[in-house]
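Chemist: According to my numbering, the sequence shown is numbered sequentially starting from 346.
By construction, the Cβ of each residue, glycine as well, lies at the ideal position given by its N, Cα and C atoms.
Keep in mind it's a predicted model, so treat the numbers as computed, not measured.
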Amino acid sequence: MDALEKLKTLDEQREKVLEEANSATLQKTQEAIKELSELGLHYTLVQESRAPKATAPRTELPEPKASPTFEQTLYGS
Numbered sequence: 346m347d348a349l350e351k352l353k354t355l356d357e358q359r360e361k362v363l364e365e366a367n368s369a370t371l372q373k374t375q376e377a378i379k380e381l382s383e384l385g386l387h388y389t390l391v392q393e394s395r396a397p398k399a400t401a402p403r404t405e406l407p408e409p410k411a412s413p414t415f416e417q418t419l420y421g422s
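Written out as structure tokens, the structure is:
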């Protein structure tokens, strides 16, 4: 077995270990949320999305609105 095949095998093992750890952690978290719900505390588990890759196209942000002037902030003017 050459070095490249060993690396590929290790990569596959690493991926499997990470999946198992993720699954176990998810199960523990769901059990904890169930316990909290039984205590009357209602939580929801959500998964954050990952940050966009550097190669992803940037989205255009709207231009910021101008701050109101002093006259615009007074009531009745």
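Taking Cβ to Cβ, would you say T374 is nearer than 8 Å to L384?
Modeler: Reading the sequence shown from its first residue, position 29 is the one you call residue 374. Reading the sequence shown from its first residue, position 39 is the one you call residue 384. Contact: no.
Chemist: Can you list, in chain order, the residues of its chain with a C-beta nearer than 6 Å to that of P407? Leave out the 5 residues immediately preceding and following it.
Modeler: In the sequence shown, counting from the first residue as 1, residue 407 sits at position 62. There are no such residues.
Chemist: Which residue marks the beginning of the alpha helix (DSSP H) containing K410, and which one marks its end?
Modeler: Translated into the one-based positions of the sequence shown, residue 410 becomes position 65. From DSSP, K410 is part of no alpha helix (DSSP H); its letter is neither H nor E.
Chemist: If we ignore side chains and look at the alpha-carbon of each, how far apart do T400 and S394 end up?
Modeler: Counted from its first residue, the sequence shown places residue 400 at position 55. Counted from its first residue, the sequence shown places residue 394 at position 49. If you take the alpha carbons of T400 and S394, they lie about 16 Å apart.
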